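Enquirer:
Numbering (the working numbering), first residue to last: 236 to 363.
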């Protein structure tokens, strides 16, 4: 189930992010995208009884494949960061859920972590 959710959410994320980037621009990456991605992956996994960490990690692998194919010169670094980031978000979600028993708190933590991750990445890209 986790694999199916990851694939479906990656497809949805690609479509939604592309539309938002066109309409809003790079601010999407540090606003809407993390909220949409984390909510979709986490809540579907939780309510369907799928492995939350696996869903996040597979999503990261799919995003890494996209980064590898479209990333140009920095594609290997972008791909590695996709896997690492989404695995981190999934791990944080699972640990928070296990420790608190609260899916809302676990989701909020993952969203905040993802927002911070993307903000750092965007700032770093502008500086480099």
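Positions of the beta carbon are idealized from the N, C-alpha and C atoms, including for glycine. None of these values were measured; they are calculated from a predicted model.
Have a look at residue 327 and residue 347 and give me their C-alpha separation to the nearest angstrom.
Expert: 11 Å
Enquirer: How many angstroms separate the CA atom of residue 279 from the CA atom of residue 307?
Expert: 33 Å
Enquirer: As a quick exercise: from 324, 337 and 258, pick the residue whose alpha carbon is nearest that of residue 351.
Expert: 324
Enquirer: Could you tell me which of 253, 249 and 263 sits nearest to residue 294, measuring between CA atoms?
Expert: Out of 253, 249 and 263, 249 has the C-alpha closest to the C-alpha of residue 294.
Enquirer: Count the C-beta pairs between the stretch 338-345 and the stretch 273-291 that are closer than 8 Å, then say yes if the count reaches three, no if not.
Expert: yes
Enquirer: Name the two residues that bound the continuous alpha helix (DSSP H) containing residue 266.
Expert: Here residue 266 belongs to no alpha helix (DSSP H), and DSSP marks it neither H nor E.
Enquirer: Please classify residue 306: does DSSP put it in a helix, a strand, or coil?
Expert: coil
Enquirer: Whole angstroms is fine: what's the gap from residue 349's alpha carbon to residue 304's?
Expert: Whole-angstrom Cα-Cα distance: 23 Å.
Enquirer: I need the straight-line Cα distance from residue 329 to residue 309, nearest angstrom please.
Expert: 30 Å
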